[in-house]
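Residue numbers (this note's numbering): 92 to 275.
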């Protein structure tokens, strides 16, 4: 170390290098850190909002675990058989566009008009702690069926006849039994 020179780079040395060794450098570093944290926070917030409206389907078999009576009665309905009926139809040629109404999520993975076609994708409201609280369930994607629910597919043309939700409530050929029947 006898021949090595030691150069002091602190503020007292008079040597000014870009970085954090002077006030300008410290201010710049703070701006970079603040900007990075802000961008990260915005990305995380945007991600959480995107997920909030993007509920996932779980399928009727998951619903069956708690709703056995409804599941069993649904299996005998025209809604349960909607995909197979559409495929067997001689009136119209079956294609992927039929699945918009003849399958739960628009593809054959969830064939038939299952629970979630009317009640909404259930991944976020299926937990018992959420399901026991209707407001919490609705906040997590539960749809309480109404005339508008039916109207999404039953548009009133020659193929998809219009239905009256209030009258269909007791039609066991079309709709499952209710644990707590909706008010008319």
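Think of the CB as a built atom: it goes at the ideal place given N, C-alpha and C, for glycine as much as any other residue.
Euclidean distance between Cα positions of residue i and residue j
{"i": "residue 210", "j": "residue 167", "result": "18 Å"}
{"i": "residue 180", "j": "residue 187", "result": "14 Å"}
{"i": "residue 190", "j": "residue 219", "result": "30 Å"}
{"i": "residue 148", "j": "residue 124", "result": "40 Å"}
{"i": "residue 253", "j": "residue 226", "result": "30 Å"}
{"i": "residue 150", "j": "residue 265", "result": "18 Å"}
{"i": "residue 197", "j": "residue 241", "result": "16 Å"}
{"i": "residue 214", "j": "residue 174", "result": "23 Å"}
{"i": "residue 255", "j": "residue 263", "result": "14 Å"}
{"i": "residue 161", "j": "residue 178", "result": "25 Å"}
{"i": "residue 157", "j": "residue 222", "result": "10 Å"}
{"i": "residue 224", "j": "residue 233", "result": "11 Å"}
{"i": "residue 115", "j": "residue 212", "result": "54 Å"}
{"i": "residue 182", "j": "residue 201", "result": "23 Å"}
Buried versus exposed call for residue i [16 or more other C-beta atoms within 10 Å across all chains shown]
{"i": "residue 247", "result": "exposed"}
{"i": "residue 258", "result": "exposed"}
{"i": "residue 163", "result": "exposed"}
{"i": "residue 121", "result": "exposed"}
{"i": "residue 217", "result": "buried"}
{"i": "residue 235", "result": "exposed"}
{"i": "residue 228", "result": "buried"}
{"i": "residue 154", "result": "buried"}
Minimum C-alpha distance to residue i - residue among the options
{"i": "residue 152", "options": "174, 206, 122 and 184", "result": "206"}
{"i": "residue 145", "options": "157, 231, 241 and 239", "result": "231"}
{"i": "residue 170", "options": "200, 197, 208 and 213", "result": "208"}
{"i": "residue 243", "options": "192, 227 and 196", "result": "192"}
{"i": "residue 184", "options": "250, 261 and 255", "result": "250"}
{"i": "residue 176", "options": "161, 194 and 165", "result": "194"}
{"i": "residue 238", "options": "222, 224, 260 and 174", "result": "260"}
Residue i, DSSP secondary structure in three states
{"i": "residue 280", "result": "The requested residue 280 does not occur in the structure, where the chain is confined to residues 92 to 275."}
{"i": "residue 139", "result": "Residue confidence for residue 139 is low, a pLDDT of 33 falling below 50, so the modelled location carries little weight; the figure read from the coordinates is stated next. The answer is helix: DSSP assigns residue 139 an H, G or I state."}
{"i": "residue 194", "result": "strand"}
{"i": "residue 151", "result": "helix"}
{"i": "residue 134", "result": "Note on residue 134: pLDDT 48, under 50, position unreliable in the model; the coordinate value appears next. Helix."}
{"i": "residue 202", "result": "strand"}
{"i": "residue 227", "result": "helix"}
Beta carbon of residue i nearer than 9 Å to that of residue j
{"i": "residue 310", "j": "residue 203", "result": "Beyond the ends of the chain as shown, which are 92 and 275, falls residue 310; an answer cannot be given."}
{"i": "residue 165", "j": "residue 267", "result": "yes"}
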